[in-house]
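Asker: Under my numbering, the first residue of the sequence shown carries the number 16, and numbering increases by one thereafter.
From the three backbone atoms N, C-alpha and C, an ideal C-beta is built for every residue, glycine too.
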Amino acid sequence: MLPFKLVYHPEYDLNLGPHVFPSQKFRLIREQLLRDGIAEADDFLMPSEASDTDLLRVHTAEWVGKLRKGTLTASEIMKLEVPYSPELAKAVWLAAGGSILAGQCALRDGFGCNLGGGFHHAFASHGEGFCAIHDVAVAIRRLQADGAIRKAIVVDTDVHHGNGTAHIFRDDDSVFTISIHQLNNYPAHKPSSNVDLDMADRVEDGEYLETLLPVVAQSLEKVRPEIVFYVGGADPYCEDQLGGLMLTKKGLKERDKRVFEEARTRGIPVATTLAGGYARRVEDTVRIHVNTVVAAREVTEESGQPPAASGR
Ligand SMILES: [Zn+2]
């Protein structure tokens, strides 16, 4: 039994068929966690769809309506880079509900892991790069609306810049955004996060970790958020088809673990989401995402008490 909850829904699958986005990975991650004995059936919670009220704290009514009714224009679908289907719409509503639930679990248990979401390229009024609804932004706004948190930090480790996150929170002092990404990669235009860590092509584990970890530590000290949302990208992996960094599976797990340790030692809960992962072998992507859960478990076990009582 894990000391925190995993949030998953069978309809997270974006129903894409043959596509560079392995939308079956959500199911494969769950199966791998069970097969390895890392998780049991009781560790999983099933989210419900986020409400339209939740979505409208982040997105425009026009965009939510288009996704709801399937009335996207051809150019909007081209920008989204995935075919529209009612199943896709349902999946992103569920992903947003899942990130809300993971955030709520994190505040209670110290960690909460959404085995979906991390759709960081979604903007308020349009979708981009496989991302239609910004689940992490929806979750943060919901937790704020509930009075559960005031301030949040988003640590985005996807190999692609978190452009939607940066844009949505650009004028919001209550949400501090950190993105570590490959500079020479999608998206072409990168609106400023609070901290953007631009990695050169083919950066390896050591340089990546030496760049990221001090920034995370300093930002947690400075901002003192009530929660960290960790967007766990599998695509800085050296064999990723859409990435150009050279991180190993070991390095990626160390990244997750050390970010979690920085939060844990300060008593700050962490909600994790997935993000991109396009390894040539889907089992590598699955393993990297599974390792995020393992890292959270190790940090929990090594640190003893849950942070909720001591941190606030
Ligand atoms: Zn990515």
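1) Please state whether the Cβ-Cβ distance between residue 165 and residue 73 is less than 8 angstroms.
2) CB-CB under 6 angstroms to residue 100, same chain, minus the five flanking residues each way: which ones, in chain order?
3) For the region 262-295, list the alpha helix (DSSP H) runs that are entirely contained and at least 4 residues long, ordered along the chain.
4) Only counting runs of 4 or more residues, tell me where the alpha helix (DSSP H) segments fall wholly within the region 144-213, in order along the chain.
5) Tell me whether residue 85 is buried or exposed, calling it buried when 16 or more other Cβ atoms sit within 10 Å of its Cβ.
6) Can you check the region 97-145 for any alpha helix (DSSP H) of at least 4 residues that lies completely inside it and give the ranges in chain order?
7) Quick one: is residue 217 buried, meaning 16 or more other Cβ sit within 10 Å of its Cβ, or exposed?
8) So, residue 22 versus residue 170, is the Cβ gap smaller than 8 angstroms?
9) What are the boundary residues of the alpha helix (DSSP H) that includes residue 308?
10) Would you be able to state if there are at least three C-beta pairs under 8 angstroms between the region 147-161 and the region 115-133?
11) Have a look at 115, 132, 223, 190 and flag the residue whose alpha-carbon is nearest the alpha-carbon of residue 234.
12) Using only the alpha-carbon positions, how far apart do residue 115 and residue 27 sit?
13) List the endpoints of the continuous beta strand (DSSP E) containing residue 21.
14) For residue 20, does the count of other Cβ atoms within 10 angstroms reach 16, so buried, or fall short, so exposed?
15) Output the distance between the C-alpha atoms of residue 34 and residue 51, rounded to the nearest integer angstrom.
16) Considering only DSSP beta bridges, list what residue 227 is partnered with.
17) Are the beta-carbon atoms belonging to residue 113 and residue 24 less than 8 angstroms from one another?
18) Is any beta-carbon of chain D found at less than 8 angstroms from that of residue 81?
19) So for residue 244, helix, strand or coil by DSSP?
20) Which residues does DSSP list as the beta-bridge partners of residue 59?
21) Between the alpha carbons of residue 240 and residue 167, how many angstroms are there, rounded?
22) Quick one: using the 10 Å Cβ neighbour count with 16 as the cut-off for buried, is residue 136 buried or exposed?
23) Nearest to residue 65 by CA position, among 148, 299, 143, is which residue?
24) Near residue 310, which residues of its chain fall below 7 angstroms by C-beta distance, leaving aside the five closest residues on each side in sequence?
25) Excluding five sequence neighbours on each side, which residues of the same chain lie with their C-beta closer than 7 angstroms to the C-beta of residue 83?
26) Let me check one thing: in DSSP terms, what residues is residue 328 bridge-paired to?
27) Classify residue 324: buried if its beta carbon has 16 or more other beta carbons within 10 angstroms, exposed otherwise.
28) Tell me the rounded alpha-carbon separation between residue 232 and residue 312.
29) Which of the three DSSP states, helix, strand or coil, is assigned to residue 216?
30) Please classify residue 284: is it buried, with 16 or more other beta-carbons within 10 angstroms of its beta-carbon, or exposed?
Answerer: With the given structure in hand:
1) no
2) 30
3) 264-280
4) 150-160, 178-183
5) exposed
6) 101-124
7) By the neighbour-count definition (other C-beta atoms within 10 Å, threshold 16), residue 217 is an exposed residue.
8) no
9) Counting along the chain, the unbroken alpha helix (DSSP H) around residue 308 starts and ends at 297-318.
10) yes
11) 190
12) 15 angstroms
13) 20-22
14) buried
15) Rounded to the nearest angstrom, the two C-alpha atoms are 27 angstroms apart.
16) DSSP, once it has assigned bridges, lists no residue as partnering residue 227.
17) yes
18) Among the protein chains of the structure shown there is no chain D, as only one such chain exists.
19) It is a strand residue.
20) 21
21) Rounded to whole angstroms, the gap between the alpha carbons of residue 240 and residue 167 is 5 angstroms.
22) buried
23) Measuring from the Cα of residue 65, the nearest candidate turns out to be 148.
24) 268, 271, 272, 275
25) 104
26) Any answer about residue 328 is impossible in this case: the structure gives the chain only from 16 up to 327.
27) Low confidence applies to residue 324: its pLDDT is 45, below 50, so where it sits in the model is not reliable enough to give any reading.
28) 20 angstroms
29) coil
30) Per the 10 Å Cβ criterion, buried.
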